[in-house]
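Trainee: Numbering (full-length UniProt numbering), first residue to last: 1 to 235. Glycine included, C-beta positions come from ideal geometry on N, C-alpha and C. Note that the structure is predicted; figures quoted are calculated from it, not measured. Provided herewith is a single structure, encoded as structure tokens, for subsequent inquiry.
Following this line, the structure appears as structure tokens:
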């Protein structure tokens, strides 16, 4: 058995697929590429494929990772070629590397992500004004997002600053704004990119519609003791 770790992308053409639909599409690519993938045992066997994260509907990813268990070692470049030849528009294998079968699961180590959040401005504004407002967030020790659950009828309070460890930066492009945000997932969980966007609109006067935003994940790492490591570097 060989465990192959792949860096892949879920481009804009696939951004509105749910995680389950995206995973199903990837499984079809593996089948069409005729790879010797391993299956689980039992009455309902399934491919031994695992993703680093479950990307939300509407979120594209220039960088995502998956582990696939093969019955035998196949040259990485051959895997890349065969999968890319059978891939739908918006999916591609970027890089690959074999890892130890004792290596931690991707979901256990992928805890730091960078996103590009984009949406239309609701008013004309200078970039330096945006930067001053963002500086208020960047310097704040606390910025609380209130998440209400209709199911439990309870409100959860999330300190976004526990998850956004580096300054948010902005770029205005005509009538649109692009925010670059890095989000850390700690023991209590993580904050969603959409929640960061909404908080900035409602509490820090960033002139955008709190509900109108597209997100693209541009990087994914394992953050350990303040250092970011690629998921290929992890043992």
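From the DSSP output, in three-state form, read off residue 70 for me.
Mentor: Reduced to three states, the DSSP call for residue 70 is strand.
Trainee: If I'm right that residue 133 touches residue 205 with Cβ under 8 Å, what's the distance once you round it to whole angstroms?
Mentor: Confirmed, about 5 Å.
Trainee: Whole-angstrom Cβ separation of residue 130 and residue 172, contact assumed at under 8 Å?
Mentor: The Cβ separation is near 7 Å, so the contact holds.
Trainee: What are the boundary residues of the beta strand (DSSP E) that residue 43 is part of?
Mentor: First-last for residue 43: undefined, no H or E at that position.
Trainee: For the candidate residues 157, 174, 170, 62, whose alpha-carbon lies nearest to that of residue 148?
Mentor: Selected option, being the one with the closest Cα: 157.
Trainee: What is the residue span of the alpha helix (DSSP H) that residue 20 lies within?
Mentor: Residue 20 -> alpha helix (DSSP H) spans 19-32.
Trainee: Return the chain-ordered list of same chain residues with a C-beta closer than 6 Å to the C-beta of residue 46, the five sequence neighbours on each side being excluded.
Mentor: Taken in chain order, the residues that qualify are 40.
Trainee: What runs of the alpha helix (DSSP H), each 4 residues or longer, lie entirely inside the stretch 144-215?
Mentor: As far as the stretch 144-215 is concerned, its whole alpha helix (DSSP H) runs of at least 4 residues are 193-203.
Trainee: How long is the line joining the alpha carbons of residue 223 and residue 162, rounded to whole angstroms?
Mentor: Those two C-alpha atoms are separated by around 14 Å.
Trainee: Mark residue 44 as exposed unless 16 or more other C-beta atoms lie within 10 angstroms of its C-beta, in which case mark it buried.
Mentor: With fewer than 16 Cβ atoms within 10 Å of its Cβ, residue 44 is classed as exposed.
Trainee: Using only the alpha-carbon positions, how far apart do residue 198 and residue 211 sit?
Mentor: Distance between the alpha carbons of residue 198 and residue 211: 7 Å.
Trainee: Counting along the chain, where does the beta strand (DSSP E) carrying residue 92 start and finish?
Mentor: Segment 91-99, the beta strand (DSSP E) holding residue 92.
Trainee: What's the C-alpha gap between residue 54 and residue 203?
Mentor: Roughly 28 Å between the two C-alpha positions.
Trainee: Do residue 229 and residue 98 have their CB atoms nearer than 8 Å?
Mentor: No, Cβ-Cβ distance for residue 229 and residue 98 is not below 8 Å.
Trainee: Spatial neighbours of residue 58 within its chain, please: CB distance less than 8 Å, with the 5 preceding and 5 following residues excluded, ordered by chain position.
Mentor: Closer than 8 Å at Cβ, skipping near neighbours: 15, 16, 214, 215.
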